[in-house]
Amino acid sequence: MTSIDEKLEPVLAEVLSRNAGEPEFHQAVREVIESLGRVIAKHPHYADDALIERICEPERQIIFRVPWVDDKGKTQVNRGFRVQFNSALGPYKGGLRFHPSVNLSIVKFLGFEQIFKNALTGMPIGGGKGGSDFDPHDRSEGEIMRFCQSFMTELFVHLGDKTDVPAGDIGVGGREIGFMFGQYKRLTNRFEAGVLTGKGMLYGGSRARTEATGYGNTYFVQSMLNTKDSSFDGKKVVVSGSGNVAIYSMEKVQSFGGKVVACSDSGGYIVDEGGIDLDLVKEIKLNRRGRISEYVRLKGKCTHHIENGRIWDVPCDVAMPSATQNELTGRDAKALIKNGVTAVGEGANMPSTPDAVRAFQEAGILFAPGKAANAGGVATSALEMQQNASRDSWTFERTEQRLAEIMRNIHDLCANTAEEYGVPGDYVLGANIAGFIRVAEAMRAQGVI
Ligand code: NDP
Ligand code: 2IT
166 MTSIDEKLEP VLAEVLSRNA GEPEFHQAVR EVIESLGRVI AKHPHYADDA
216 LIERICEPER QIIFRVPWVD DKGKTQVNRG FRVQFNSALG PYKGGLRFHP
266 SVNLSIVKFL GFEQIFKNAL TGMPIGGGKG GSDFDPHDRS EGEIMRFCQS
316 FMTELFVHLG DKTDVPAGDI GVGGREIGFM FGQYKRLTNR FEAGVLTGKG
366 MLYGGSRART EATGYGNTYF VQSMLNTKDS SFDGKKVVVS GSGNVAIYSM
416 EKVQSFGGKV VACSDSGGYI VDEGGIDLDL VKEIKLNRRG RISEYVRLKG
466 KCTHHIENGR IWDVPCDVAM PSATQNELTG RDAKALIKNG VTAVGEGANM
516 PSTPDAVRAF QEAGILFAPG KAANAGGVAT SALEMQQNAS RDSWTFERTE
566 QRLAEIMRNI HDLCANTAEE YGVPGDYVLG ANIAGFIRVA EAMRAQGVI
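Numbering-wise, our numbering puts 227 at position 62 of the sequence shown, and it's gapless, one number per residue.
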């Protein structure tokens, strides 16, 4: 990994001190600024007019109270966030996360990553992110609906299909998007389909949006493997998480001939050397909304559940971290490398710590950073917006074909940019530089914004 260019050192120092106590945001900004040294060396004008400083400062940050009444009649209060980070390329676009760990640092790191990710897709979308410290685990459907309605009651004034278009993330799937869409419609008296993505098929959703992030990550890793005349066929794969991204990564990996041997949730991980039974995982996680440990009880022999352990100790050829930030440490990366891993595709946002990224790159492992590898989700959200704007609904095949094409383009853009800047095979640098240049060019053209 590169160090900070001396011209950019004060820029980073200023971001760190202005945003004290926000470690995840610092981590995301540091990585991008580290990559920009090579850009400034080649094109010094990108350091002018406080362009980088402006990119690191959100255009708008909204923090609000979300009061709601639980099933026992007790009043609860949560905190809601929406960070509208950058609209140079289009309306703010990015998911909403409902998880007890959500705070301003996490929303800002996610929003910052989203700017460059969205730029890489080539679609007309800016970057934003939001969410709440609400914990949906063990809440009834009624409680979740009332929470979503209260959340939207405060947020709706800031949204619009030409302003800001949220979608799902951890803890927010089709059900929650449905509740929020219903409330938006009541409050505005507008059936404004393009105000949220990840909607149900009966009211403006896009086919393949549910599958898009996991499928897209798998397409991206496949493109990386192809550069080494390799493929998923016969490969052992470990996917962390067992939510939206993990499930559809596993589905695509299996269709490409790979064998997924382990997955996880926040309670531990399961190993099935015979190959994970994905129908069973879907039944447990999507239908029953249960725990992954139930897999072992239902499947029985030759499977096991490990409560306190590291999923990255399971030997594999390809690792696809698809749960949450910083879930794969330097120590985990070393274990994976020792066991012969050849490729890593980040389904989650920033799942590998900086130490882990460094270890993978030093070992010559094919490493796909989240802002490139998991861009298929938001890209398909943009396809959903496109269908909403033209009041159209495409087939699954047509939508998936567009997704596959977009992922191939992102792969090639990152690979070519890395090569152009003298670091062939460095997808982190390629993604950061290619994403930055698109946003920077649009901002320069629009004046001091
Ligand atoms: P889901 O809520 O569907 O699934 C999240 C999974 O990760 C669950 O298995 C959950 O376990 C596990 N998990 C969550 N937090 C933790 C934690 N702190 N420690 C351990 N395990 C945890 O979310 P998604 O699949 O949508 O999101 C997963 C990742 O992918 C996130 O980083 C998200 O930002 C990223 N992403 C999502 C996109 C999308 O379109 N949905 C697009 C691009 C990136 P449990 O069931 O126990 O809660
Ligand atoms: O991190 C992400 O890219 C997402 N959660 C999806 C965002 C979107 O608007 O589809």
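Ideal Cβ placement from N, Cα and C applies to all residues, glycine included.
Contacting residues, own chain, Cβ-Cβ under 8 Å from S108 (five flanking each side not counted): With the chain represented from 166 up to 614, any question about residue 108 goes unanswered, as that position is not in the structure.
Rounded separation between M366 and S270 - CA only: Cα atoms of M366 and S270: separation of roughly 34 Å, rounded to the nearest angstrom.
Secondary structure of F385, DSSP reduced to three states: Helix at F385.
Any non-hydrogen atom of the ligand NDP closer than 6 Å to D334 Cβ: yes
Neighbour flag for E319 against chain B, beta carbons, 7 Å: Structure shown: chain B not included; a single protein chain is present.
Proximity winner among E187, R195, S182 and K466, relative to L173 (alpha-carbon distances): The shortest Cα separation from L173 among E187, R195, S182 and K466 belongs to R195.
Whole-angstrom distance between V410 and R247, CA atom to CA atom: 22 Å
Limits of the alpha helix (DSSP H) - the one that P188 falls within: Per DSSP, P188 belongs to the alpha helix (DSSP H) from P188 to K207.
Distance, H576 Cα to S388 Cα: 7 Å
Residue(s) in a DSSP beta bridge with H469: V436
Supposed contact pair L493 and A508 - C-beta distance, whole angstroms, cut 8 Å: That belief does not hold up - the Cβ atoms of A508 and L493 are roughly 14 Å apart, past 8 Å.
Between the CA atoms of Y434 and I122 - distance to the nearest angstrom: Only positions 166 to 614 of the chain appear in the structure, and residue 122 is not among them; the question remains open.
DSSP state of F250 mapped onto helix, strand, coil: strand
7 Å Cβ cutoff met for D326 and G359: At the C-beta level, D326 and G359 come within 7 Å of one another.
Assigned exposure category for S297 - 16 Cβ within 10 Å defines buried: buried
Under 7 Å between C-beta atoms of G336 and F263: yes
Backbone CA spacing between V176 and W233 [nearest angstrom]: 41 Å
Straight-line gap, G307 to C467 (C-alpha atoms, nearest Å): 39 Å
Touch test, the stretch 470-480 against the stretch 418-438, Cβ-Cβ under 8 Å, three pairs minimum: Output reads yes: the stretch 418-438 touches the stretch 470-480.
For M166, three-class secondary structure by DSSP: Low confidence applies to M166: its pLDDT is 48, below 50, so where it sits in the model is not reliable, and the reading given next is rough at best. Note: M166 maps to coil in three-state DSSP.
For C579, the three-state DSSP class (helix, strand or coil): helix
Coarse secondary structure for V404, derived from DSSP in three states: strand
Euclidean distance between Cα positions of G291 and V461: 43 Å
Whether V418 touches V426 by CB criterion (7 Å): no
Sequence-distant residues of the same chain with beta carbon closer than 8 Å to T240, five excluded per side: In its chain, beyond the 5 residues on either side, P232, W233 and V234 have a beta carbon closer than 8 Å to the beta carbon of T240.
Any non-hydrogen atom of the ligand 2IT within 6 Å of V543 CB: In this structure, V543 has its beta carbon less than 6 Å from a heavy atom of the ligand 2IT.
Residues of its chain near D591, where Cβ-Cβ distance is below 6 Å and the 5 sequence neighbours each way are ignored: A583
C-beta atoms of T383 and S405 nearer than 7 Å: no
Residue from G333, V402 and E416 whose Cα sits closest to the Cα of A484: V402
8 Å contact criterion, which E373 and F561 should meet: CB distance rounded: The sequence given here places Ala at residue 373; Glu does not occur at that position. About 6 Å; that satisfies the 8 Å criterion.
G408 beta carbon near the ligand NDP (any heavy atom closer than 6 Å): yes
Simplified DSSP assignment, three categories, for A488: In this structure, A488 counts as coil in the three-state DSSP scheme.
Counterpart residues of G495 in DSSP-defined beta bridges: Bridge partners of G495: none, in fact.
Between the CA atoms of D236 and G439 - distance to the nearest angstrom: 43 Å
CB contact flag (V622, N283, <7 Å): No answer is possible for residue 622: it lies beyond the span of the chain, which begins at 166 and ends at 614.
DSSP beta-bridge partners of V337: D334
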